Amino acid sequence: MAEALVGGAFLSAFLQVLFDRMASREVIEFFSQTKLNNEPLRKLKTTLLLINAVLNDAEEKQITSPAVKEWVNELKDAAYHAQDLVDEVVTDASRYNNLEAGLKIEPK
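What follows is the structure in structure tokens.
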């Protein structure tokens, strides 16, 4: 029982970190300077917010429902994939912003 609560709390905190990274100065500057379509990033943020809202309810239900527990585990996997995507965006945004500032960065 305690494991389920800790796992759910971890996932909620994890999603909050993703939101903060997507709203970082580097990412905002990157999208505003490059005139890229930020729709995919906006959709990802909206999806993660919805997941977080549903997760609050699921955290309690996973204690008594194996199906909900399995769903929360799958949600964790999806969150890790989202983190990888956000990390790539933040890294590319930082690289671009540093290049714009005249700093040289080694390519990947």
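So the mapping is simple: the working numbering equals the position in the sequence shown, first residue as 1, plus 225.
Where is the CB? At the ideal position from N, CA and C, for every residue including glycine.
This one's a predicted model, so the numbers in the text were calculated from it and none came from an experiment.
message: Please report the straight-line C-alpha distance between Ser319 and Ser290, rounded to a whole angstrom.
response: The residue given as residue 319 occupies position 94 in the sequence shown. The residue given as residue 290 occupies position 65 in the sequence shown. Between the alpha carbons of Ser319 and Ser290 lies a gap of roughly 43 Å.
- prompt: Considering only C-alpha positions, which residue in the set Gly327, Phe239, Phe235 is nearest to Asp309?
  reply: Here residue 309 refers to the residue found at position 84 of the sequence shown. Checked all of Gly327, Phe239, Phe235; the closest Cα to Asp309 is Phe239.
query: Given Ala283, which residues of its chain have a CB within under 6 Å of its CB, disregarding the five upstream and five downstream residues?
result: As a first step, residue 283 is located in the sequence shown; it is residue number 58 there, counting from the start. Excluding residues within five positions, the ones whose Cβ falls inside 6 Å are Val293, Val297.
message: Rounded to whole angstroms, what is the Cα-Cα separation between Arg267 and Leu243?
response: As a first step, residue 267 must be located in the sequence shown, where it is residue number 42. As a first step, residue 243 must be located in the sequence shown, where it is residue number 18. Rounded to whole angstroms, Arg267 to Leu243 spans 13 Å at the Cα level.
message: Using the Cβ count rule (16 or more neighbours within 10 Å means buried), how would you classify Gln287?
response: Numbered from 1 along the sequence shown, position 62 holds the residue referred to as residue 287. Per the 10 Å Cβ criterion, buried.
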